[in-house]
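Residue numbers (our numbering): 34 to 252.
Backbone N, C-alpha and C define an ideal beta-carbon position, used for all residues, glycine too.
This structure is a prediction, so every number in the text was calculated from the model and none was measured.
Taking it in order: structure first as structure tokens, then the write-up.
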């Protein structure tokens, strides 16, 4: 399928192809199921196998990613300012409120690091920017680190494309394995956090338990 799309794109003017790369990179942040990364791979092929300008492809895909990411940020900020909206009321439920508070605390402590690695996290990167907007993280900081993260990711795609000689099938396999490895690490990390929380809860429960009365024997 991507091979046919590559042939179709290559038959059009470069400006239209760059527009497709730009839109795909942005739409992926707004609709995560959209296969934006797959289309970005085509940009790597165009650089490696079709001798396209790597700076132009890198700038186009990065600009699209930044636009989509900041749109997510704006959505999160809007929800925070309009708590009576439908989304705001949904977030007001006790469970979601606790989850949002936990996210806010993490962004207070590690917001820059989270945004800096967002582009390397498959599937959930859009949520980071919604959370950043909701938590009130400064937009300039989000913009700067989001752009750096997107640029590094797109640069990685171009570099892998050049190393693999622009072979689209091999590039797909490489990033499929990468995505699987990241998801595995995320699952293991989540299980570790759950286990640590359960252990802490049990330890706290044991500390709060009143000491048992000493046994008295009869002589």
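Residue i burial status per 10 Å Cβ neighbour count (16 or more: buried)
i: residue 86; result: exposed
i: residue 153; result: exposed
i: residue 161; result: buried
i: residue 55; result: buried
i: residue 84; result: exposed
i: residue 64; result: exposed
i: residue 224; result: exposed
i: residue 81; result: buried
i: residue 49; result: exposed
i: residue 72; result: buried
i: residue 232; result: exposed
i: residue 228; result: exposed
i: residue 214; result: exposed
i: residue 194; result: buried
i: residue 156; result: exposed
i: residue 252; result: Caution applies to residue 252, whose pLDDT of 48 falls short of 50 and renders its modelled position unreliable; the value that the coordinates give is listed next. Answer is exposed; the Cβ neighbour count stays below 16.
Span separating the alpha-carbon of residue i from that of residue j
i: residue 212; j: residue 151; result: 13 Å
i: residue 103; j: residue 110; result: 10 Å
i: residue 221; j: residue 114; result: 35 Å
i: residue 180; j: residue 230; result: 34 Å
i: residue 148; j: residue 183; result: 10 Å
i: residue 118; j: residue 112; result: 7 Å
i: residue 159; j: residue 105; result: 6 Å
i: residue 165; j: residue 144; result: 7 Å
i: residue 235; j: residue 146; result: 31 Å
i: residue 167; j: residue 217; result: 28 Å
i: residue 90; j: residue 237; result: 54 Å
i: residue 60; j: residue 99; result: 11 Å
i: residue 74; j: residue 205; result: 8 Å
i: residue 176; j: residue 108; result: 14 Å
i: residue 77; j: residue 116; result: 42 Å
i: residue 207; j: residue 57; result: 20 Å
i: residue 62; j: residue 52; result: 16 Å
i: residue 178; j: residue 101; result: 14 Å
i: residue 47; j: residue 192; result: 21 Å
| query | Counting pairs of beta carbons, one from the region 197-204 and one from the region 164-182, are three or more of them closer than 8 Å? | reply | no
The region 184-200 contacting the region 85-105, beta-carbon criterion three pairs below 8 Å:
yes
Quick one: which unbroken alpha helix (DSSP H) runs of 4-plus residues sit fully inside the region 205-237? Chain order, please.
none
Exercise for review: Starting from the N-terminal side, write out each stretch of the alpha helix (DSSP H) that is 4 residues or longer and does not extend beyond the region 46-72.
Suggested key: 47-63
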